[in-house]
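Asker: Please find one structure pasted underneath; my questions will follow.
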Ligand SMILES: Nc1ncnc2c1ncn2[C@@H]1O[C@H](COP(=O)(O)OP(=O)(O)O)[C@@H](O)[C@H]1O
Ligand SMILES: Nc1ncnc2c1ncn2[C@@H]1O[C@H](COP(=O)(O)OP(=O)(O)O)[C@@H](O)[C@H]1O
Ligand SMILES: Nc1ncnc2c1ncn2[C@@H]1O[C@H](COP(=O)(O)OP(=O)(O)O)[C@@H](O)[C@H]1O
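Residue numbers (the working numbering), protein chains in the order written: chain B, 1 to 481; chain F, 1 to 481; chain Y, 1 to 481; chain U, 1 to 112; chain A, 1 to 112; chain C, 1 to 112.
Structural data, given as structure tokens:
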């Protein structure tokens with residue numbers, strides 16, 4: 001039971017229930033990046049699992065820091081013009097944000113509706129930073145086994161600043177929520193390409209997945225194929241890690257999608273259900289393809305199907321019905337199961353299928369909204385307006401808007417990422433030496449090996465020099481190939 | 001601070017705090033199934049860990065899908081007669097659910113109590129589907145190492161439809177919550193067997209654990225013993241996975257139990273505390289038995305004790321006091337530590353002790369309510385009525401009700417599951433060939449191996465054909481035994 | 001939308017939003033201890049991973065049980081005198097707690113502020129017990145590979161009772177929250193040492209981390225160095241476990257810190273953001289030290305930096321600004337990266353760096369508050385009073401208070417723990433035999449081995465006797481060294 | 001003295017061990033190996049990419065025996081390891097100059 | 001008959017295997033090994049403490065061959081395994097008294 | 001030339017390696033093995049079911065030496081590996097026809 005006075009002139013106030021959910025959701029999404037580290041880490045070979053995980057972890061470190069400094073402001077600060085980017089200086093260091101309340105709806109005497117509370121500015125900051133982190137981390141899957149760690153670290157900062165924050169501004173910065181004017185895709189897209197409505201992307205199909213997928217493709221092209229691509233067996237070294245990772249991702253994704261309602265009400269609950277439904281059918285879809293094409297339904301397929309479904313429902317979760325969600329999931333499961341083969345056909349080494357799962361899955365979800373958007377969705381049943389899709393008699397206008405949003409992010413991301421990657425590659429070098437790659441990036445880049453499982457502990461024949469080395473560790477691996 | 005107008009004639013409204021907790025709890029329970037996959041997966045041999053995990057994952061896929069289609073409606077739709085099953089068509093595809101509000105309590109001018117908000121229909125859908133999923137997944141522990149994956153997949157759908165949804169309707173469908181009339185155990189049980197009150201089962205000791213345990217026993221009998229049962233060493237291949245799994249289960253179980261309050265108040269908080277207390281003493285109980293019986297307290301024992309305690313407190317968490325919870329846990333820890341030996345005595349191969357832990361633990365918890373129910377419990381301290389148990393002077397009536405609830409679910413589940421299992425076994429075949437079993441179900445059923453930890457990555461002597469195979473993968477394992 | 005009547009004389013009521021967050025936060029913190037088990041478990045050698053994990057798990061069992069019995073009362077019961085300890089009998093078995101409401105703020109007609117709801121007593125019990133558990137579990141890192149499990153089990157009970165509960169009473173028992181009078185550090189510290197204000201310790205930098213760190217040092221001295229310390233390679237046997245553990249700890253820590261607001265409002269949200277920021281810069285700080293000192297940034301360094309940052313921001317998260325949090329994190333990352341070398345210099349075998357990370361990190365965070373406390377912090381922006389630090393013109397008084405709090409807990413913990421350890425060592429023995437240590441504590445203390453990953457499952461040449469042994473298991477390892 | 005080495009199927013190890021014990025052999029050393037021969041490996045499929053594992057898991061068994069026992073021990077292993085299916089493995093004997101028991105320094109037959 | 005044992009770099013295994021097949025060798029047995037010699041190991045650093053791993057991963061290859069083929073087989077392995085860099089490994093030959101195929105009991109050259 | 005093979009306790013490896021280095025042996029190859037003999041294995045208990053692991057972890061060490069060094073090397077290993085407790089292991093020597101260094105193709109003593 002909660003009880004308070006109400007006066008029509010009530011100041012904006014915080015709704016503890018909405019805030020509780022947003023804080024929990026932010027923690028859930030934060031947890032997704034370690035989950036991704038496991039998901040990706042399990043898929044590479046033993047000799048590069050640590051490097052794979054480190055690419056996600058370092059993204060947490062750099063993007064989190066940069067977010068506090070200028071990232072939040074660049075994304076949600078007042079629009080610097082044309083809906084293209086926020087002003088990175090307005091809220092530098094989060095100044096002027098912590099005491100704000102966002103999303104407060106004042107009472108409306110005319111309709112007789114009561115005021116509804118908002119969430120603290122910091123809760124919004126918290127929820128959005130974890131999106132930025134995982135978007136960056138996702139890209140790393142495309143360049144497994146061969147990236148220079150220092151260059152990747154620099155890349156995370158540059159890419160977040162030049163690609164992610166602008167794209168997130170386009171899609172997530174709704175005018176009047178955090179700042180008065182926001183991004184061009186979120187708000188009526190002014191018909192740049194096809195004219196018409198703004199695109200629906202509830203939780204980041206465009207800004208996160210299409211974005212990361214296109215960026216992954218660009219980096220895979222810049223770095224080139226792994227030694228032995230298409231020839232050597234590069235099977236996952238630890239599928240239990242992949243499964244744990246998929247489980248954590250699924251768990252955290254409820255924060256990602258249902259948290260995007262920025263409150264705990266009818267819309268959030270419906271989104272939760274849609275998120276589950278799509279994931280289930282995507283898993284089934286992927287496994288059925290495998291069973292019929294390859295003869296066996298695999299655990300890697302199940303884990304991949306889960307992620308594909310989650311990716312596809314991300315933009316769509318609030319605007320399709322539960323049945324619509326089952327369809328989105330199924331389409332993504334089947335579609336992505338085939339799409340992961342593209343890299344072999346076209347010969348780009350997107351090692352862990354960022355393109356096949358995130359770009360393709362993101363496109364499927366974003367575009368299907370144009371067909372499946374309905375008033376029977378979480379948004380509609382919560383009493384909010386929904387522009388219905390083609391299958392519900394809403395015409396093609398929403399479909400065009402979806403295509404516009406999806407393609408503009410895709411092209412922008414691919415082009416800018418390719419340039420960033422190229423510059424870094426030419427200056428710092430983005431790829432380890434062939435010898436380091438063969439021997440393994442873990443040892444070469446981190447001077448570590450992931451496992452030492454010999455029964456009696458301690459690798460046989462190793463010795464310790466436990467005085468912290470004052471000098472740089474020298475690798476003595478001369479001819480160890 | 002939350003603030004709104006209040007009028008006596010207020011329409012049902014959503015309480016964001018309650019909703020926040022139910023959505024978080026639903027996510028927590030969803031996470032339990034991957035946790036279970038790890039818990040089970042760690043206990044089998046290396047050669048079948050993926051198959052073990054896949055049985056849980058596929059249950060997520062199928063049951064989640066079926067829930068949206070007809071499962072919710074079959075469980076919580078209007079009772080089709082006798083409190084035995086809901087109407088599966090009323091809410092097919094969740095139609096008519098997303099805009100509902102459940103659990104709203106109108107203001108009462110007489111007592112002066114204010115209205116209290118409900119939760120969105122979709123939040124209830126979300127919370128209940130994850131119960132259905134894990135109930136099905138639990139069963140798989142009984143048939144480790146030897147089940148045909150396709151048959152198990154079919155089983156999950158059939159069992160959910162014929163066994164779980166009806167049982168959940170009996171226990172969880174309270175008249176007037178989602179539908180006007182619900183199940184027979186939840187509502188006054190009309191004294192079918194012993195007469196008297198309705199049984200208490202707060203979070204599913206009967207519908208989930210006794211149900212899954214009895215079903216596990218039935219399937220273990222249908223499939224028969226593993227090759228080498230009682231003779232070969234079948235020790236857990238990775239106890240760190242078992243411990244991670246137990247940790248995730250414990251974590252998620254707070255959603256399971258405290259979430260079953262369907263709101264965030266005094267009852268939920270008390271349930272949280274009881275859930276912890278029982279788990280602690282169950283772990284201690286199991287370890288003390290081991291220490292005295294076998295000479296060593298083991299990590300598998302700790303993990304098993306945790307699960308046994310959680311199982312036993314599930315039905316009882318709302319109606320016993322914190323001290324009562326310690327007793328329930330201790331009884332379960334000690335009882336289950338002995339019960340897992342039953343399978344060797346009676347010679348049924350319930351591989352991962354679904355009977356010893358879930359059936360026995362569920363019975364202990366459900367029956368102890370008859371002794372320990374008290375007004376000093378979370379339900380009582382929240383101001384709700386509690387029919388006290390034998391030790392608190394409440395007489396034996398509640399005990400009879402508990403026995404009635406427990407035994408009816410057990411018998412129903414065992415009989416129907418045995419029949420389902422038998423039909424599937426005779427038609428599709430439920431067990432892999434002896435050769436596949438010896439070689440390992442992972443390779444035979446999924447064409448995968450879980451680990452490849454050789455220092456240089458990639459199993460020595462393997463070669464890749466990375467063109468996606470258009471034809472079915474042929475296993476060339478001819479004589480590999 | 002939430003709605004209720006309001007009368008000035010309203011009885012204390014529960015705010016469901018605050019309660020939802022506290023329950024979720026308590027679950028998050030509970031999850032940290034299994035996370036810690038993985039983090040620690042991955043760092044030891046294969047032969048002692050289970051024992052390492054068991055030390056955390058058993059702490060959950062014993063401390064959870066003891067908490068319900070007398071621990072809560074000893075910590076939050078009415079002060080027994082001098083702010084030193086609560087009365088353990090008042091709420092024995094949690095009697096008289098479940099129906100309480102804590103933190104309710106009545107309406108204030110003068111200022112026109114509405115009443116704001118509290119949380120159920122049991123929610124507070126839940127949130128605090130998980131702190132007690134992890135504080136105890138943290139200590140175990142100092143005595144990896146060599147502790148007798150039974151003695152450790154006894155230690156957890158004794159240490160919780162004699163060290164943790166009192167220290168938690170000092171720091172967390174605010175007068176008027178649960179009991180009328182609480183602990184001396186939380187409430188104005190009466191200037192015992194340096195005079196002046198009460199120390200700020202929002203989420204337990206002193207009571208948890210300095211406390212556990214000092215206790216770890218004491219136990220490391222009592223038990224002595226591992227065989228082969230400084231000579232044998234004792235590198236982490238499974239860094240993927242360490243990374244999972246760090247991920248879980250990070251995730252759970254949002255409950256730890258933001259949950260300490262005991263509600264879901266502006267303060268909690270700001271704390272969330274600060275917790276993230278500090279962790280990010282701490283990771284970066286540690287990795288930069290490694291890169292320049294050792295030549296490589298390692299995954300163990302990333303995981304360690306994460307934990308160091310979380311430790312340091314724990315006391316400070318509510319009273320520093322986001323920029324302040326970045327500074328606290330950076331200081332902790334750099335400081336702890338160097339501090340873990342102390343044990344080699346001074347020759348104490350604090351095996352997993354409880355001192356270097358928790359004691360040093362806790363000190364850094366607690367003391368920096370004296371410099372960085374500001375009204376631009378979560379506490380300040382939530383409208384609560386903040387005594388500003390040296391850098392913000394607040395003078396040195398807060399710094400002295402911080403030093404007083406930090407040092408008094410450190411000295412108290414070290415001395416009492418050393419005595420407890422010594423008594424246990426002389427009576428029960430705290431260390432396994434040299435032979436058991438060489439062979440591995442897992443086998444010696446738990447009769448288990450963590451992994452059995454041979455391709456065909458089941459260790460070659462093992463045989464099973466599956467009749468539960470009625471007699472004590474005899475180890476036949478005679479001369480197996 | 002002879003060193004008898006046998007490459008056998010992992011599942012036959014228990015039988016071989018018991019047969020050797022019954023025959024009176026007091027000790028042996030085993031290790032994991034992978035074999036290549038007539039017996040084929042298996043295929044695995046990951047995201048549609050197929051891998052062929054050419055080598056098959058085997059156990060490598062070494063027994064030091066007196067010259068006189070050599071052919072009997074070979075016979076004992078042969079019988080216990082045989083399943084009649086492809087991949088049953090090989091046994092071979094190599095002459096040994098000298099054997100020492102580390103614990104005692106005993107040499108030759110005494111060292112077995 | 002001879003037993004040819006070769007310690008080689010793991011990455012050369014595929015080439016050696018193919019060369020042996022091409023030469024007509026029908027079977028072989030491999031196992032994991034760690035080598036110590038001129039080639040140095042590597043260092044790892046954990047929380048500032050440095051570990052030196054002295055041993056280098058190697059593959060141990062065993063091939064039973066007829067006396068006449070022995071030197072040819074050595075030559076084949078030598079060529080396929082050679083990278084010219086330190087640590088390429090060793091090959092040696094040991095005389096074998098007898099070889100048995102477990103499946104059939106065949107002896108000598110027939111057993112290969 | 002001779003091939004000296006030693007089965008030793010894993011914890012003695014470091015000492016043996018150092019002793020061999022001190023004696024002047026330039027290289028060696030080791031692998032993991034499991035031994036069966038007088039030394040007994042251990043028991044493990046899982047949910048009340050007891051497993052006996054009969055085999056004990058050992059290290060298998062191989063050193064190629066010149067004929068003249070063979071008995072000295074055996075002596076060196078013997079001393080370094082001896083703890084005097086059951087399970088210390090075995091050392092044996094086998095005649096070797098030929099040794100080749102893969103990197104250079106050198107043969108015989110030069111290849112060591
Ligand atoms: N020439 C050889 N040298 C060494 N080991 C061999 C040789 N031929 C076969 N083996 C080993 O014997 C095993 C069985 O051989 P295979 O040809 O598959 O079956 P079979 O001996 O029944 O005809 C192989 O896996 C391999 O380990
Ligand atoms: N005397 C020896 N006995 C057994 N194995 C040896 C011997 N010397 C070298 N080896 C093996 O050969 C490998 C390569 O030897 P190394 O001295 O590093 O290079 P190279 O042979 O090219 O000079 C070693 O790693 C070891 O496995
Ligand atoms: N006949 C044998 N053939 C091969 N290896 C043996 C033989 N006997 C013993 N071993 C190896 O030597 C190890 C030690 O032997 P064991 O009998 O336990 O002790 P000890 O040699 O001290 O009497 C065994 O674990 C095994 O690896």
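C-beta: ideal position from N, C-alpha, C; glycine also. Predicted, not measured: the structure shown is a model, and the values here were computed from it.
In the region 202-225 of chain B, which residues sit with their C-beta less than 8 Å from some C-beta in chain F, listed in chain order?
Answerer: none
Asker: Between the region 168-180 of chain Y and the region 377-388 of chain Y, do at least 3 Cβ pairs fall closer than 8 Å?
Answerer: Taking 8 Å as the limit for Cβ pairs, the verdict is that the region 377-388 of chain Y does not touch the region 168-180 of chain Y.
Asker: Whole angstroms is fine: what's the gap from residue 451/F's alpha carbon to residue 408/F's?
Answerer: Within the second chain, the letter at position 451 stands for residue 451/F. Within the second chain, the letter at position 408 stands for residue 408/F. Spanning the two alpha carbons is a distance of roughly 43 Å.
Asker: Along the chain, which unbroken stretches of the beta strand (DSSP E) at least 3 residues long are found entirely within the region 47-99 of chain B?
Answerer: none
Asker: Could one say the Cβ of residue 15/U lies closer than 9 Å to chain A's Cβ atoms, at least one of them?
Answerer: Position 15 of the fourth chain, counted from the start, is the residue given in the question as residue 15/U. So no, residue 15/U is outside the interface.
Asker: Interface residues of chain Y around residue 44/C at Cβ under 7 Å?
Answerer: The residue given as residue 44/C occupies position 44 in the sixth chain. What residue 44/C touches in chain Y: 447, 448, 449.
Asker: Taking the C-alpha atoms as reference points, what is the distance between residue 191/B and residue 253/Y?
Answerer: Along the first chain, one-based indexing puts residue 191/B at 191. Along the third chain, one-based indexing puts residue 253/Y at 253. Residue placement at residue 191/B is poorly supported in this model, since its pLDDT is 43, which falls under 50; the coordinates still yield a value, given next. For residue 191/B and residue 253/Y, the distance between alpha carbons rounds to 45 Å.
Asker: Can you list the residues near ligand 2, meaning Cβ strictly closer than 7 Å to any non-hydrogen atom, in the order they appear in the chain?
Answerer: 7/A, 33/A, 35/A, 36/A, 37/A, 38/A, 39/A, 56/A, 58/A, 86/A, 87/A, 88/A, 89/A, 90/A, 25/C, 26/C, 27/C, 28/C, 29/C, 62/C, 63/C, 64/C, 65/C, 101/C, 102/C, 103/C, 112/C
Asker: Measuring straight from C-alpha to C-alpha, what distance separates residue 168/F and residue 413/F?
Answerer: Within the second chain, the letter at position 168 stands for residue 168/F. Within the second chain, the letter at position 413 stands for residue 413/F. Spanning the two alpha carbons is a distance of roughly 12 Å.
Asker: From the DSSP output, which residues share a beta bridge with residue 28/U?
Answerer: Here residue 28/U refers to the residue found at position 28 of the fourth chain. According to DSSP, which records beta bridges pairwise, residue 28/U is partnered with 36/C.
Asker: Within 10 angstroms of its Cβ, does residue 81/C collect 16 or more other Cβ (buried), or is it exposed?
Answerer: What you label residue 81/C is simply residue 81 of the sixth chain in a count that begins at 1. Flag for residue 81/C reads buried.
Asker: How about residue 365/F and residue 315/F: do their beta carbons lie closer than 9 Å?
Answerer: Taking the first residue of the second chain as position 1, residue 365/F is located at position 365. Taking the first residue of the second chain as position 1, residue 315/F is located at position 315. Yes, Cβ-Cβ distance for residue 365/F and residue 315/F is below 9 Å.
Asker: How many whole angstroms separate the CB atoms of residue 40/A and residue 7/A, which I take to be in contact at a CB cut-off of 8 Å?
Answerer: As a first step, residue 40/A must be located in the fifth chain, where it is residue number 40. As a first step, residue 7/A must be located in the fifth chain, where it is residue number 7. Not quite, the Cβ-Cβ distance comes to about 16 Å (not below 8 Å), so this is no contact.
Asker: Taking a Cβ distance cut-off of 8 Å, strictly less, list which residues of the region 84-98 of chain U are near chain C, in chain order.
Answerer: 94, 95, 96, 97, 98
Asker: Where residue 109/A and residue 79/A are concerned, what is the direct C-alpha to C-alpha distance, given to the nearest angstrom?
Answerer: Along the fifth chain, one-based indexing puts residue 109/A at 109. Along the fifth chain, one-based indexing puts residue 79/A at 79. Between residue 109/A and residue 79/A, the C-alpha separation is close to 25 Å.
Asker: Short check: CB of residue 50/B to CB of residue 41/B, under 9 Å?
Answerer: Working through the first chain from its first residue, we reach residue 50/B at position 50. Working through the first chain from its first residue, we reach residue 41/B at position 41. Result yes, Cβ atoms of residue 50/B and residue 41/B sit closer than 9 Å.
Asker: Please list the partners that residue 111/C has in chain A, where partner means a Cβ-to-Cβ separation under 9 Å.
Answerer: Sequence index remark: in the sixth chain, residue 111/C carries index 111 (1-based). Neighbours of residue 111/C on chain A, chain order: 90, 91, 92.
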